[in-house]
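In the order they appear, the protein sequences are chains A, B and C. Per our numbering, the very first residue in the first sequence carries number 193; after that it's consecutive. Per our numbering, the very first residue in the second sequence carries number 8; after that it's consecutive. Per our numbering, the very first residue in the third sequence carries number 19; after that it's consecutive. Data block below; observations after.
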Amino acid sequence: MTIPAMVVRVRQKRIAELISHGKRLDERGLNEYRNIQLEVGVIERAEGSARIRLGKTEVMVGVKLETGEPFPDVPNEGVLTVNAELVPLASPTFEPGPPDENSIELARIVDRGIRESKAIATEKLCVKPQKKVFVVFVDVYVLNHDGNLIDASAMAALAALLNTKMFNYEVKNDEIQVEPGYTQLPVVNHPIAVTFAKINDKIVVDPWLEEEQVMDARITMTMDKDGKVCAVQKGGYGYFSKEQILEAAKIAKEKSEELRKIVMKS
Amino acid sequence: MSKKSSEKLINKNDVRVDGRKLNELRPVKLEVGVLANADGSAYIEQGKNKILAAVYGPKELHPKHLALPDRALLHCRYHMAPFSVQERKSPAPSRREIELSKVIREALEPSIFAEYYPRTSIDVFIEVLQADGGTRCAGITVASLALADAGIPMRDLVSACAAGKVEGHLVLDLTDTEDKAGEADMPLAFMPNFNAITLLQMDGKLTSDEFEQAVNMAVEGCKHVYALQKEALKAKYVVKEAVEE
Amino acid sequence: MINLSTYYEKRQLVLPGDLLAEGDYITGDNTYKEGDKIYATRIGLVDYENRKIYVVALKSFYIPSVGDTVIGKVVEVSLSSWTVDINAPYLATLRASEVLDRPFKPRKDELPSIFDVNELIIAKIVSYDRTCDPLLTVREPGLGKISRGQIIEITPTKIPRVIGRKGSMVNMIKDETGCQISIGQNGLILINGKTPEDERIAIMAIRKIEEEAHTSGLTDRIREMIRRKKEE
């Protein structure tokens with residue numbers, strides 16, 4: 193369990209008070225995201241990569257492709273696996289060691305968005321039916337934690353996947369032979385995560401670190417390109433009313449379209 | 008193990024494979040105070056799910072630097088027995104179990120008066136002995152009873168129930184088969200006194216309207232579970248009350 | 019307009035989260051108020067006293083209180099104090115200064131020879147608050163090491179009934195069985211009789227009180243039960 197970084201009580205109160213009056217300490221609107229900068233292809237060794245700055249939160253995602261065995265219940269489909277690392281340099285609260293519950297939760301939320309929206313056309317990743325498929329490794333690397341790692345990681349992951357190139361190949365005598373040239377990884381849906389924090393009974397979008405330390409609870413809604421909900425995750429020790437959740441779903445639809453445009457442009 | 012595509016899960020009369028209606032819960036059996044050593048305990052059978060919960064605490068937390076100065080630390084472990092599923096599961100905690108332990112803890116936390124017991128820990132152990140879909144919900148339901156049985160002061164019980172979409176229909180309380188073959192699964196936990204949703208997860212695809220309907224359906228399911236929880240507590244303690252009259 | 023409504027009869031079983039009353043009531047034990055509504059926090063029997071609503075918990079654990087007499091077990095001995103398990107969420111500390119009538123001399127005084135690990139003591143709580151563990155003393159008559167007798171454990175909430183009004187119940191049991199009985203507020207009771215048979219009867223009496231704590235006429239029924247058992 194993470195122990196929140198020390199935030200001066202006085203500042204905490206200020207943040208919460210402002211929010212009850214519909215304002216935020218960094219002068220954003222309740223439904224406004226921080227400034228987003230997204231770059232792709234930043235790591236040449238990876239098959240796909242992206243780096244995002246969401247305010248001061250910084251996340252890098254690398255995609256590596258390998259070949260491997262398919263799962264027995266879906267023998268002709270590629271495999272997706274998402275991992276997240278909260279590396280110690282990103283925050284005084286991150287300790288070195290095996291993934292803790294926070295990095296596991298982060299990885300699984302990003303994974304769910306991609307998997308449930310069927311973003312990757314995994315049936316096109318079959319090399320040899322029932323024997324060999326492409327395995328897509330999505331590795332989320334948090335470089336600086338200033339709040340809302342989920343949305344930042346999800347956007348960067350999508351951008352990295354859109355950036356990913358698969359090498360061309362031919363199967364000769366049961367062996368894979370690499371051919372010249374590349375094809376884009378078949379990405380057919382574009383899931384976007386929108387996270388809300390509940391502070392003093394108000395919900396705000398894209399909480400930054402100090403807001404996260406004050407919030408009662410958070411909820412993430414991942415929407416696909418058709419505006420369908422494909423993943424939801426409530427987190428934190430507080431709760432939401434049914435009305436707040438439905439309101440969040442409405443706002444998420446709108447915000448996900450805005451964020452998707454940013455990802456698609458990069 | 009996958010179902011044959013020719014077998015439908017819901018027939019044309021909107022009846023499911025196990026005979027249930029779309030918005031019907033599986034049969035639930037709850038028992039409180041089943042383990043002698045634990046401070047509080049309870050057991051649930053919901054359909055084929057068999058889950059045991061035990062609570063230890065509040066007790067002083069060591070090492071001291073992990074304790075919270077102003078409240079009890081709630082620690083929760085959701086774990087599946089190796090024999091609980093079709094293919095033996097390794098006893099080591101999986102990533103899924105770690106995530107579920109976290110969200111279950113976050114679902115139960117709002118219900119307890121942790122601030123009454125600074126520097127202590129309250130440990131909740133949920134052991135899934137047999138699994139058939141909806142185990143985190145059944146786990147929350149039974150853990151809440153175990154907390155009450157342990158005498159931990161609570162704001163309210165927490166009840167949980169999942170809704171989802173199978174073959175185009177919105178349904179309540181999905182079995183494992185329905186979850187795997189269906190279009191969406193949405194576990195939800197609810198604390199009625201505060202109209203509070205303390206756990207909400209979803210994976211699959213739902214339109215905004217379907218999402219709203221599913222949330223409503225799950226909340227209604229939770230209210231039903233809540234009544235069953237209260238009955239189970241009464242059943243354990245009413246005997247004592249009768250003796251005292 | 020004042021709305022005063024209560025939803026349960028006196029001594030009815032209530033469960034955590036049950037709405038007990040609405041309106042201008044005062045919260046007593048095991049209840050909390052949210053807006054105008056008062057809810058139970060534990061399983062127990064609800065009761066009313068003027069405008070106060072409280073719940074007598076059927077299942078609870080002991081919370082230390084200054085002035086309480088408790089029975090505990092030594093779990094650790096350090097250089098100048100003992101750590102004592104008093105069956106509560108917090109371990110208690112007994113400092114050497116609260117045992118010896120003279121100043122503590124670290125070199126000369128061997129703490130384990132006074133009380134060792136696993137030994138039982140009767141002590142009194144001299145201080146306790148939210149920020150630190152309870153502190154004990156044995157510097158009063160009747161306190162100190164327990165060397166003989168039987169210890170039984172009952173739910174702490176039933177202790178007042180075992181004591182009775184102004185000690186009427188426990189004194190009656192002492193008279194009828196000839197046993198010495200020391201009651202810890204933390205649910206532990208020490209019984210010392212002239213014969214094991216006397217102790218057994220006293221224990222039976224206490225267990226019966228635990229079960230029937232909320233009935234009336236209990237003192238007389240227990241007295242009769244003890245007399246019957248003695249004749250057997």
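Even glycine gets a Cβ: it sits at the ideal position worked out from N, Cα and C.
Practice problem: Sort out for me which residues DSSP pairs E277(A) with in a bridge. | Solution: According to DSSP, which records beta bridges pairwise, E277(A) is partnered with Y333(A).
Exercise. Determine the DSSP secondary structure at H69(B), reduced to helix, strand or coil.
Key: Correct three-state label for H69(B): coil.
Practice problem: Would you kindly work out how many angstroms separate the C-alpha atoms of D218(A) and L257(A), rounded to a whole number? | Solution: For D218(A) and L257(A), the gap between their C-alpha atoms comes out near 40 Å.
Quiz item: Looking at the C-beta of L438(A), does it have a partner C-beta in chain B at a distance below 8 Å?
Solution: Interface annotation, L438(A): in contact with chain B, CB-CB separation under 8 Å.
Quiz item: How many Å lie between L63(C) and K28(C) at the Cα?
Solution: Spanning the two alpha carbons is a distance of roughly 8 Å.
Quiz prompt | the stretch 108-121 of chain B: positions lying closer than 8 Å to chain A by Cβ | solution = Residues passing the 8 Å Cβ filter: S108, K109, V110, E113, E116 and P117.
Quiz item: Do the stretch 340-360 of chain A and the stretch 290-304 of chain A meet, that is, are 3 or more Cβ pairs less than 8 Å apart?
Solution: Yes, the stretch 340-360 of chain A is in contact with the stretch 290-304 of chain A.
Quiz item: In or out: L281(A) buried (at least 16 other Cβ within 10 Å) or exposed?
Solution: Within 10 angstroms of the beta-carbon of L281(A) lie fewer than 16 other beta-carbons, which makes it exposed.
Quiz item: For F432(A), which residues in chain B fall below 7 Å Cβ to Cβ?
Solution: The contacting residues are I204.
Quiz item: Where S16(C) and K192(C) are concerned, what is the direct C-alpha to C-alpha distance, given to the nearest angstrom?
Solution: Since the first residue of chain C shown is 19 and the last is 250, residue 16(C) is not available in this structure.
Self-check item: Cross-strand partners of Y66(C) (DSSP beta bridge)
Solution: Residue pairing of Y66(C) in beta bridges, as defined by DSSP: I71(C).
Practice problem: Assuming G167(C) and N105(C) form a contact by the criterion Cβ under 8 Å, report the distance between their Cβ atoms to the nearest whole angstrom. | Solution: Not quite, the Cβ-Cβ distance comes to about 17 Å (not below 8 Å), so this is no contact.
Quiz item: Can you list the residues of chain C that V226(B) reaches, using a CB-CB cut of under 7 Å?
Solution: Simply none; closest approach about 16 Å.
Quiz item: Do the stretch 56-74 of chain B and the stretch 213-223 of chain B make contact, defined as three or more Cβ pairs closer than 8 Å?
Solution: Under the 8 Å Cβ criterion, the stretch 56-74 of chain B does not count as touching the stretch 213-223 of chain B, having fewer than three qualifying pairs.
Quiz item: Start and end of the beta strand (DSSP E) containing P194(B)?
Solution: Boundaries of the beta strand (DSSP E) around P194(B): A191 to M198.
Practice problem: Using three-state DSSP, classify L210(A) as helix, strand or coil. | Solution: In the structure shown, the three-state DSSP call for L210(A) is helix.
Quiz item: Quick one, are the C-beta atoms of F133(C) and V92(C) less than 8 Å apart?
Solution: Closer than 8 Å, so yes.
Exercise. Mind checking which residues open and close the beta strand (DSSP E) that includes C150(C)?
Key: Residue range C150 to T155 is occupied by the beta strand (DSSP E) that includes C150(C).
Quiz item: Touching or not, the stretch 391-402 of chain A and the stretch 349-356 of chain A, by the rule of three or more beta carbon pairs under 8 Å?
Solution: With fewer than three CB-CB distances shorter than 8 Å, the stretch 391-402 of chain A does not count as touching the stretch 349-356 of chain A.
Practice problem: Kindly identify the DSSP beta-bridge partner or partners of S48(B). | Solution: Answer is A61(B), bridged to S48(B).
Quiz item: How would you write the range of the beta strand (DSSP E) that P372(A) sits in, first residue to last?
Solution: It spans E367 to Q376 - the beta strand (DSSP E) in which P372(A) sits, taken as one unbroken run.
Quiz item: Would a check of beta-carbon distances place K142(C) closer than 8 Å to chain B?
Solution: Not closer than 8 Å to any Cβ of chain B, the Cβ of K142(C) fails to qualify, so no.
Practice problem: State the DSSP-derived secondary structure class of S200(C), mapped to helix, strand or coil. | Solution: Note: S200(C) maps to strand in three-state DSSP.
Quiz item: L207(B) touches chain A at which residues, Cβ-Cβ below 8 Å?
Solution: Those are I411, V424, Q425, K426, F432 and I437, listed as they occur along chain A.
Quiz item: Mind pulling the chain C residues with CB within less than 7 Å of L240(B)?
Solution: For L240(B), the C-beta contacts it makes with chain C under 7 Å involve L33 and I61, in order along the chain.
Quiz prompt | DSSP state of D210(B) mapped onto helix, strand, coil | solution = Reduced to three states, the DSSP call for D210(B) is strand.
Exercise. Report the option in P117(B), L181(B) and H176(B) whose CA atom is closest to the CA atom of Y431(A).
Key: Residue P117(B) holds the alpha-carbon nearest to the alpha-carbon of Y431(A) among P117(B), L181(B) and H176(B).
Quiz item: By how many angstroms is the C-alpha of T285(A) removed from the C-alpha of E250(A)?
Solution: Roughly 16 Å between the two C-alpha positions.
Practice problem: Along the alpha helix (DSSP H) that carries G305(A), what are the first and last residues, could you check? | Solution: Looking at the DSSP string, the run of the alpha helix (DSSP H) that includes G305(A) is E293 to E308.
Quiz item: Would K420(A) count as contacting chain B if we go by Cβ distances under 8 Å?
Solution: For K420(A), the answer is yes, since a Cβ of chain B falls inside 8 Å of its Cβ.
Quiz item: Given a threshold of 16 other Cβ atoms within 10 Å of its Cβ, counted over all protein chains shown, does C150(C) qualify as buried or as exposed?
Solution: A residue is called buried once 16 or more other Cβ atoms fall within 10 Å of its Cβ, and C150(C), having fewer, is exposed.
Quiz item: Nearest CA to the CA of L353(A): which residue from R307(A), Q425(A) and G221(A)?
Solution: Just measuring C-alpha positions, the residue of R307(A), Q425(A) and G221(A) sitting nearest L353(A) is R307(A).
Self-check item: Endpoints, alpha helix (DSSP H) assigned at R237(A)
Solution: Neither: R237(A) is in no alpha helix (DSSP H) and is coded neither H nor E.
Quiz item: Shorter than 8 Å from the beta carbon of E252(B) to some beta carbon of chain C?
Solution: Legend: pLDDT at E252(B) = 41, less than 50; position of this residue unreliable, value from coordinates given subsequently. Interface residue, yes.
Quiz item: Span of the beta strand (DSSP E) holding V455(A)?
Solution: Careful: V455(A) lies outside any beta strand (DSSP E), inside the alpha helix (DSSP H) at K434 to K457.
Quiz prompt | the stretch 404-419 of chain A contacting the stretch 354-367 of chain A, beta-carbon criterion three pairs below 8 Å | solution = The stretch 404-419 of chain A, when compared against the stretch 354-367 of chain A, does not touch it at the 8 Å Cβ threshold.
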